[in-house]
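A.B. asks: The numbering used here numbers the first residue of the sequence shown as 1 and each following residue consecutively.
By construction, the Cβ of each residue, glycine as well, lies at the ideal position given by its N, Cα and C atoms.
Quick caveat: nothing in here was measured; it's all calculated off a predicted structure.
First the structure, which I've put down as structure tokens, then a few questions once you've had a look.
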Amino acid sequence: MILNNQSNQCKCFSKASAKFFACGSIRAAKEFTRMEIRPEHITIAVTVFNRREYVFEAIHSALSQTIPVKVIVVEDCGPDATLRDFIVAEFGSRIEYFRNPTNRGLFDNWNACMDYCRTPWFSILHDDDWLYPHFIETMLAVAQQAPGRKLYYGRRDRLLPDGNFYPPPPPSWNQWRDLDSGQGLMEMLDESILGFPGQLIHIASAKTIGGFRKNSFFTGDWDMWFRMALRFGAVESAIAVAVGRCHEDFDRASSHITRKGWKWLLDNVQRKRNLAMLAREKGMVLPFERAKPVKQDPFPLRLLLRFAHGFSSRLLFYNWWLFTQSKPPHWRYAMLQWFIRILGPRSLRVYSKASKIYAAKCGAFLL
Numbered sequence: 001m002i003l004n005n006q007s008n009q010c011k012c013f014s015k016a017s018a019k020f021f022a023c024g025s026i027r028a029a030k031e032f033t034r035m036e037i038r039p040e041h042i043t044i045a046v047t048v049f050n051r052r053e054y055v056f057e058a059i060h061s062a063l064s065q066t067i068p069v070k071v072i073v074v075e076d077c078g079p080d081a082t083l084r085d086f087i088v089a090e091f092g093s094r095i096e097y098f099r100n101p102t103n104r105g106l107f108d109n110w111n112a113c114m115d116y117c118r119t120p121w122f123s124i125l126h127d128d129d130w131l132y133p134h135f136i137e138t139m140l141a142v143a144q145q146a147p148g149r150k151l152y153y154g155r156r157d158r159l160l161p162d163g164n165f166y167p168p169p170p171p172s173w174n175q176w177r178d179l180d181s182g183q184g185l186m187e188m189l190d191e192s193i194l195g196f197p198g199q200l201i202h203i204a205s206a207k208t209i210g211g212f213r214k215n216s217f218f219t220g221d222w223d224m225w226f227r228m229a230l231r232f233g234a235v236e237s238a239i240a241v242a243v244g245r246c247h248e249d250f251d252r253a254s255s256h257i258t259r260k261g262w263k264w265l266l267d268n269v270q271r272k273r274n275l276a277m278l279a280r281e282k283g284m285v286l287p288f289e290r291a292k293p294v295k296q297d298p299f300p301l302r303l304l305l306r307f308a309h310g311f312s313s314r315l316l317f318y319n320w321w322l323f324t325q326s327k328p329p330h331w332r333y334a335m336l337q338w339f340i341r342i343l344g345p346r347s348l349r350v351y352s353k354a355s356k357i358y359a360a361k362c363g364a365f366l367l
């Protein structure tokens, strides 16, 4: 049934995309005019707040590109009054340091990066990630092969807390693919396939659509990538150009969202927003399927066991329902799913509390 739905959606995308480009050939020609991007057009903006342990590695990676570009550091008015001196002492005039006069928050700090840039293109690099030396070289090559888009993206490897590197899944395309039509757009409709770092953004275009939504709780980046792809075109390279560090710092906003049970609700809110934008921009009307993501990728059981005891009643019910709709990956998952479905949402809270007590005593969660 899921495969049939995907097939029907692909047909909708193909027909609507053909109509869109056939009817708007003049506009499309203007939007996708060849425009050469040169190194002097690009700035890498390293965002910092109060972390010192990884920032040198991030900045070094930005300065070590095979094709050098301008590098700035943007501090979001962090609590460490000596952070500027700490960083400038290491890198000197090779970087330009900016500090927001007031704290602007995660997404609005990215808007600040655009304001500080004096080049037409920029890339955001978080202080705990790093770029491979060929990042800029790869982006320039892709921009030559697929000119006229306003968002370019390279894939990234992940560094997990266990110290192991995990590459992205092998791509089903060669060299690059468009993200404003076809399967690429379908994937970005349902999930944020563009992560950090590794993107190259045209600043004027990003500002034209309002920049990053500064009041977003969780999906401000996904929202921007989808709007940029729909309005101006986006391209994903098949080459991994960066490393994204994965960790669960207790104070991270994303960790807080997950612990409180908001993540999957906010993801679905963004999916609804994406569908509305798709209908408005390209005339494609597709149904919203709340449980579609967990039918393709099961709800993470370990997260439920760790945090469900602290969910509010509404969020407990919402996450319980998604869990009961998940496609079980193994028999233990299916057995617990059946048990929780019969006993209702409160049983999930009880099981989570019991699992927390068991983990405190034995160092492992109940499964």
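#1: Is residue 106 closer than 7 Å to residue 62 when the C-beta atoms are compared?
#2: Mind reading off the beta-carbon distance from residue 119 to residue 150? Whole number of angstroms is fine, and I expect it under 8 Å.
#3: Can the beta-carbon of residue 195 be found less than 7 Å from the beta-carbon of residue 156?
#4: Can you pull the DSSP bridge partners for residue 237?
#5: Which whole-angstrom value describes the C-beta separation of residue 207 and residue 114, a residue pair presumed to lie in contact below a C-beta threshold of 8 Å?
#6: From the DSSP output, in three-state form, read off residue 66 for me.
#7: Using the Cα positions of residue 229 and residue 43, report the straight-line distance between them to the nearest angstrom.
#8: Put residue 97 into one of helix, strand or coil per three-state DSSP.
#9: Where do the N-terminal and C-terminal ends of the alpha helix (DSSP H) with residue 89 fall, by residue?
#10: What are the boundary residues of the alpha helix (DSSP H) that residue 189 is part of?
#11: Does DSSP classify residue 258 as helix, strand or coil?
#12: Rank 72, 351, 268 and 123 by C-alpha distance to the C-alpha of residue 410 and give the top, closest one.
#13: Taking the beta strand (DSSP E) that residue 46 falls in, what are its first and last residues?
#14: Kindly indicate which three-state DSSP category residue 75 falls into: helix, strand or coil?
#15: Can you tell which of 146, 116, 158 and 112 has the C-alpha that lies nearest to the C-alpha of residue 130?
#16: Determine the DSSP secondary structure at residue 243, reduced to helix, strand or coil.
#17: Excluding sequence positions up to five away, which residues of its chain have a Cβ less than 6 Å from the Cβ of residue 326?
#18: Skipping 5 residues on each side, what residues in its chain have a beta carbon closer than 7 Å to that of residue 25?
#19: Terminal residues of the continuous beta strand (DSSP E) containing residue 136?
#20: For the beta strand (DSSP E) containing residue 123, list its first residue and its last residue.
C.D. replies: With the given structure in hand:
#1: no
#2: Incorrect: roughly 14 Å between the Cβ atoms, too far for contact.
#3: yes
#4: In the DSSP output, where bridge partners are listed per residue, residue 237 has 154 and 176.
#5: 7 Å
#6: coil
#7: 21 Å
#8: strand
#9: 83 to 91
#10: Its alpha helix (DSSP H) spans residues 182 to 190.
#11: helix
#12: The structure shown does not extend to residue 410, since the chain is modelled only from 1 through 367, so no value can be given for it.
#13: 42 to 48
#14: Three-state DSSP puts residue 75 in a strand.
#15: 158
#16: strand
#17: For residue 326, where only same-chain residues beyond five positions count, the Cβ hits under 6 Å are 294, 298 and 299.
#18: Here the model assigns residue 25 a pLDDT of 36, short of 50, so the residue's position is not dependable and the matter cannot be decided.
#19: Per DSSP, residue 136 belongs to no beta strand (DSSP E); it is in the alpha helix (DSSP H), 135 to 145.
#20: 121 to 126
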